[in-house]
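Per the working numbering, the sequence shown starts with residue 104, numbered consecutively.
First comes the structure, then the notes that go with it.
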Amino acid sequence: MSAAAAEAIERYEPSGGTGGGGGDGVITYVSYGGEHHLPLVMSLVDEELSEPYSIFTYRYFVYLWPQLTFLAFDPKDGKCVGTVVCKMGEHRGAFRGYIAMLVVLKPYRGRGIATELVTRSIRVMMESGCEEVTLEAEVTNKSALALYGRLGFIRAKRLYRYYLNGVDAFRLKLLFPRLDPALHPMMPGNERDDQHMDSPYL
Ligand SMILES: CC(C)(COP(=O)(O)OP(=O)(O)OC[C@H]1O[C@@H](n2cnc3c(N)ncnc32)[C@H](O)[C@@H]1OP(=O)(O)O)[C@@H](O)C(=O)NCCC(=O)NCCS
104 MSAAAAEAIE
114 RYEPSGGTGG
124 GGGDGVITYV
134 SYGGEHHLPL
144 VMSLVDEELS
154 EPYSIFTYRY
164 FVYLWPQLTF
174 LAFDPKDGKC
184 VGTVVCKMGE
194 HRGAFRGYIA
204 MLVVLKPYRG
214 RGIATELVTR
224 SIRVMMESGC
234 EEVTLEAEVT
244 NKSALALYGR
254 LGFIRAKRLY
264 RYYLNGVDAF
274 RLKLLFPRLD
284 PALHPMMPGN
294 ERDDQHMDSP
304 YL
């Protein structure tokens, strides 16, 4: 993980379940809590992403990996303003996390909300033993590519006409550092020392 990515995460780091307000008010973050959250996730994604998803797709993700879906709320009016939907599992011999959907409502963008949502999912993936995280983003999606770039994702592949709208995609990949129990302070038996951690997700 680059020092820049670590710094970026630190800058957005809220305390507890709130944060990422960018000075315009605090945002509350919750993990998927059941059926009442499903319409909120669906309407945000349907509104902002180019790919159409059926309710079966949403259910596949939130029923199997509820701990990897997060929602952001504006406590002022209780409005759901952002969401991230992910999964994880074995893929070609590696245990891999996958970010399927990420959306923040336009008036709430540029305040670190997406960064906070993604970071929360990635932390759970890492704690669950994932070795890497992947996703696809349209090659024209500058804000998404900038966001994931800042978080340490690299462009692993270009996928020709990947989306239904004919646009190419970049496959982005984040590799977690392999932990050596003899060396790493976070492993059982070793003393925790935040100064020596090189990953912002730990
Ligand atoms: C991509 C998307 C999710 C980003 O959401 P966001 O909440 O605006 O993202 P962040 O605020 O975390 O980061 C975006 C910018 O805000 C800046 N920012 C973050 N926190 C900030 C803060 N506290 N104060 C000021 N600026 C901040 C970041 O530096 C970043 O700037 P940059 O993109 O110019 O480098 C959003 O634009 C979106 O929903 N787009 C449509 C759907 C989409 O494309 N999803 C991704 C599919 S792969």
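Backbone N, C-alpha and C fix where the C-beta goes; we use that ideal spot for every residue, glycine too.
Values in this document were obtained by computation on a predicted structure and should not be read as measured data.
Comparing alpha carbon positions, the residue from Ala197, Leu208, Pro169 and Glu138 closest to Glu151 is Leu208.
At a cut-off of 6 Å, the beta-carbon of Arg195 does not count as near ligand 1: no heavy atom of the ligand is closer than that. Leu147 sits in a helix when the DSSP states are folded into three classes. With at least 16 other beta carbons inside 10 angstroms of its own, Ala272 counts as buried.
Apart from sequence neighbours up to five positions away, the residues of its chain that approach Val221 with a beta-carbon distance below 7 Å are Val187, Ile202, Leu205 and Leu254, ordered along the chain. Your pair Leu174 and His140 checks out as a contact, with CB atoms roughly 6 Å apart and the cut at 8 Å.
In chain order, Ser134 and Val227 place their CB closer than 7 Å to the CB of Gln170, counting only its own chain and leaving out the 5 sequence neighbours on each side. Ser246: member of the alpha helix (DSSP H) spanning Lys245 to Arg253, first to last residue. Exposed is the label assigned to Thr243, since fewer than 16 other Cβ atoms lie within 10 Å of its Cβ.
The segment 151-238 is shown to contain whole alpha helix (DSSP H) runs of 4 or more residues at 158-167 and 216-230, in chain order.
Look at Leu277 here: in three-state DSSP terms it is strand. In this structure, the C-beta of Ala247 approaches ligand 1 to less than 6 Å from one of its heavy atoms. Assigned with DSSP and collapsed to three states, Leu262 falls in strand. The beta carbon of Ser153 sits closer than 8 Å to those of Glu241, Tyr266, Leu267, Asn268 and Val270, all from its chain and outside the five residues before and after it, given in chain order. Arg212 has its Cβ nearer than 6 Å to a heavy atom of ligand 1. Residue pairing for Val133: DSSP places it in a beta bridge opposite Leu174. Of all alpha-carbon atoms in Thr160, Thr218, Ser157 and Glu239, the one lying nearest the alpha-carbon of Arg264 is that of Glu239.
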